[in-house]
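Asker:
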Amino acid sequence: MGAAEVLHRGLRIDEKPFPKAEFKEMREAMLAQVPEEQRDRFRGAIRNDPTLRDRLHALAERPDQEAIALLMPDFGHWARRTTRARNDLALEGRTYGG
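Per this note's numbering, residue 1425 is the first one in the sequence shown, and the count goes up by one each step.
This is the structure in structure tokens:
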């Protein structure tokens, strides 16, 4: 999971989810709803970066699609499961099967 994130960053294929100006406007609108004493904390949490799932999809789309289809017939499922495993590990200290 972490290796996939590092690989994605290393390939420099990051695409921001929102255009810079649009994101800035949205973030300011969201921050206006937060009490002033909490704004710095929220400002740091609101980012215009791809999610782990976005990164995994971008990585799966890079190689030959026929090769990926043989290795991972459903990379959407793989991305969801990988993201869930990372989140479970980070939040609960373990991953769950299923």
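Note that the Cβ used here is the ideal one computed from N, Cα and C, for glycine as well. In this text, all values refer to a predicted model and were calculated from it rather than measured experimentally.
#1: Can you check which of these residues, 1447, 1449, 1475, is closest to residue 1504 by C-alpha distance?
#2: Please work out which residues of its chain come closer than 8 Å, Cβ to Cβ, to residue 1444, disregarding the five sequence neighbours upstream and downstream, and give them in chain order.
#3: Per the contact definition of three or more C-beta pairs closer than 8 Å, is the region 1475-1485 in contact with the region 1499-1514?
#4: Buried or exposed for residue 1515, please, with buried defined as at least 16 other CB atoms from any protein chain shown within 10 angstroms of its CB.
#5: Between residue 1451 and residue 1477, what straight-line distance do the alpha-carbon atoms span, to the nearest angstrom?
#6: Looking at the secondary structure, which residues open and close the alpha helix (DSSP H) in which residue 1456 lies?
#7: Using the Cα positions of residue 1510 and residue 1456, report the straight-line distance between them to the nearest angstrom.
#8: Just verifying my parser: in three-state terms, what is the DSSP assignment at residue 1479?
#9: Under the rule that 16 or more other beta-carbon atoms within 10 Å means buried, what is residue 1479, buried or exposed?
Answerer: In short:
#1: Stepping through the sequence shown from its first residue, residue 1504 is reached at position 80. Of the listed residues, the one whose Cα sits closest to residue 1504 is 1475.
#2: The residue given as residue 1444 occupies position 20 in the sequence shown. Here the set comprises 1472.
#3: yes
#4: Indexing the sequence shown from 1 puts residue 1515 at position 91. Classification for residue 1515: exposed.
#5: In the sequence shown, the residue the question calls residue 1451 occupies position 27. In the sequence shown, the residue the question calls residue 1477 occupies position 53. Approximately 22 Å between the Cα atoms of the pair.
#6: Stepping through the sequence shown from its first residue, residue 1456 is reached at position 32. Segment: none, residue 1456 is in no alpha helix (DSSP H) and carries neither H nor E.
#7: What you label residue 1510 is simply residue 86 of the sequence shown in a count that begins at 1. What you label residue 1456 is simply residue 32 of the sequence shown in a count that begins at 1. Straight-line Cα distance between these residues: approximately 31 Å.
#8: Translated into the one-based positions of the sequence shown, residue 1479 becomes position 55. The DSSP-derived three-state label of residue 1479 is helix.
#9: Against the sequence shown, residue 1479 aligns to sequence position 55. It counts as buried.
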